[in-house]
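Numbering follows the numbering used here, in which position 241 of the sequence shown is assigned residue number 249; successive positions increment by one, without gaps. Heads up: the structure comes next, in C-alpha cells.
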Amino acid sequence: MTDDAYLQADLTPLAARVSGYIRRIDVTDFQTVKAGDALFEIDDTDYRAQVDQAAANVEAATAAIANIETQKLLQHTLIRQAHATIAATESDVWRYQRDSERYQALLGTNVVSQQTAEQAMNSYKRAAATLDLNRAQLDQQRQQLDVLGTQERQARAALKAAQAALELAKINLGYTHIVAPVAGMGGQRLVKEGQYVGVGTQVISIVPLPNIWVLANYKETQMTRVRVGQAASITVDAFPSTVLKGHVASWSPATGSQFSLLPPDNATGNFTKVVQRIPVKIVLDLDNPVVPLLRPGMSVVATIDTSSDIKGSPISELAP
C-alpha cells in the first residue's frame with residue numbers, strides 16, 4: 009500500500025499552428041467536447057489571400073505549360089516546312105549542277121557561250137549555298153525544339169512547386185480552425201477573443217476522460233512480489249467511502265529519481281542510503297459510477313494484492 013499515488017490522464021495541450029488574432033471562441037472553461045468540435049477560430053483573412061495567390065500561381069504555371077506546348081506544335085510545323093524547303097532546294101541543286109556540267113561540256117563548241125556556262129555555274133553555286141543555309145536553319149529549328157523541351161520541364165517543375173504552395177496555403181488556412189483532436193473535457197481557456205497568438209501558443213488542454221489511471225510510487229522494498237496483472241484497490245481522497253478496482257498494467261524502467269532533472273550521483277561525498285520509489289501504473293476498472301467524477305492530479309491510496317497468482321515476472325526475478 010502507498011499513499012504516494014495520484015490519478016493521471018493523457019492531457020492533450022492544444023496550440024496554435026498559425027499566427028493571428030483570435031476571432032471566435034466556441035468553447036467554455038471545463039466544457040465536455042467531442043473529437044472534431046470547433047474550439048477556436050483565428051482570423052483567416054491573410055490565409056485566404058495566400059490561398060488565392062497560390063491558386064493564381066498554379067493557373068499561371070498551367071498557362072505557361074500550355075503556351076510551351078503550343079510553341080512545340082508550331083516548331084514541329086516549322087521543322088516539317090524546313091524539310092520540304094531542303095527537298096525543293098536539293099532538287100534545284102541537282103538541276104543546276106546538271107545544267108552546269110552540260111554547259112561546261114559544250115563550252116568548246118559554238119552551241120554554248122562562255123557567259124551561259126558561267127551563269128549556269130553561278131546558279132548552281134547559289135542553289136548549293138541556299139541548301140547549306142536551309143540545312144543550318146533546320147538544325148536551328150531542331151535546337152529550338154530542344155530548348156522548348158527544357159523549358160517545358162522547367163515549367164512542369166514550377167507547376168508542381170505552385171501546386172505544393174497551394175496545398176500548403178490550404179493547410180495553413182485549415183489551421184485557423186482549432187478543433188478538438190480527442191473527446192474529453194477541456195481545461196481552462198488560455199486565450200481571449202481578439203488576442204494575438206503566435207505559432208505554438210497554447211490555447212487549451214483536453215483531458216480524455218474517463219480514460220484515467222493511477223500512478224503509484226511504491227518503495228523498492230515493496231516491489232518484490234509485484235507482477236503485471238495483479239489486482240489493485242484504490243481509495244480516492246475525495247471519495248473515501250468508495251473503493252475502486254483495477255490492475256497493475258506496468259511499471260517504470262527506472263526509479264523516479266533517475267528521471268529527475270539532476271539524477272543523484274552517489275560516487276562523490278558522503279553516502280546516505282535512501283529507499284527509492286518506482287512508479288507503477290494501475291489501470292482502473294471503468295464500471296464504477298465514481299470514475300466519471302475523477303480528475304487527474306487527485307490523491308489516492310493504492311493497494312496491490314501481491315498474493316494473486318498472475319503469470320508474469322516479479323521485479324525480483326528481472327535482475328540478472
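Think of the CB as a built atom: it goes at the ideal place given N, C-alpha and C, for glycine as much as any other residue. Everything numeric in this text was worked out from a predicted model, so none of it was measured.
Contact between the segment 67 to 79 and the segment 151 to 165 is present: three or more C-beta pairs spanning the two stretches fall below 8 Å. Leaving aside the five residues that flank Val187 on each side, the residues in its chain whose CB is nearer than 7 Å to its CB run, in chain order, Gly44, Asp45, Ala46, Leu47. Thr40 is not a Cβ neighbour of Ile214, given a cutoff of 8 Å. Note on geometry: alpha-carbon atoms of Val199 and Val211 lie some 6 Å from one another. Between Asn225 and the set Ala113, Ile290, Asp107, Tyr132, the nearest pair of CA atoms involves Ile290. Counting C-beta atoms within 10 angstroms of its own C-beta, Trp102 has fewer than 16 neighbours from the protein chains shown and is therefore classed as exposed.
The residues Glu160, in chain order, have a CB closer than 8 Å to that of Glu77 in the same chain once the five nearest residues on each side in sequence are set aside.
The three-state reading of DSSP puts Gly44 in coil, since its state is none of H, G, I, E or B. For Ser131, the closest alpha carbon among the candidates Arg150, Gln148, Glu109, Gln145 is that of Glu109. In the displayed model, Met193 falls within a strand according to three-state DSSP. By a beta-carbon distance limit of 8 Å, Arg303 contacts Leu15. Their separation comes to about 7 Å. Separation of the CB atoms of Val308 and Val222 is rounded to 6 Å, and the pair is thereby assigned contact status at 8 Å. For the pair Thr93 and Gln148, the Cα-to-Cα distance works out to about 14 Å.
In this structure the segment 120 to 127 does not lie against the segment 83 to 93, because fewer than three pairs of beta carbons, one per stretch, are closer than 8 Å.
Shown here, Lys200 sits in coil according to DSSP, grouped into three states, outside any helix or strand. For Tyr183, there is no enclosing beta strand (DSSP E), as DSSP gives it neither H nor E. In the structure shown, Pro248 falls within a strand segment according to DSSP collapsed to helix, strand and coil. When secondary structure is reduced to three states using DSSP, Gly237 falls in the coil class, being assigned neither helix nor strand. Taking all protein chains in view, the Cβ of Ile179 is surrounded by fewer than 16 other Cβ atoms within 10 Å, so the residue is classified as exposed.
Ranked by Cα distance from Gln196, the first of Arg32, Thr36, Met9, Val155 is Thr36. Annotated three-state conformation of Ser268 is coil, per DSSP. Shown here, Val222 sits in a strand according to DSSP, grouped into three states.
Straight across, the Cα-Cα distance linking Ser268 with Val282 is about 15 Å.
By alpha-carbon distance to Pro297, the top candidate from Ser315, Pro218, Ala191, Asp273 is Pro218.
In terms of CA proximity to Glu49, Ala24 leads the group Ala62, Phe38, Ala24, Ala57. Rounded to the nearest angstrom, the Cβ distance from Ile312 to Gln238 is 6 Å, consistent with a contact under 8 Å.
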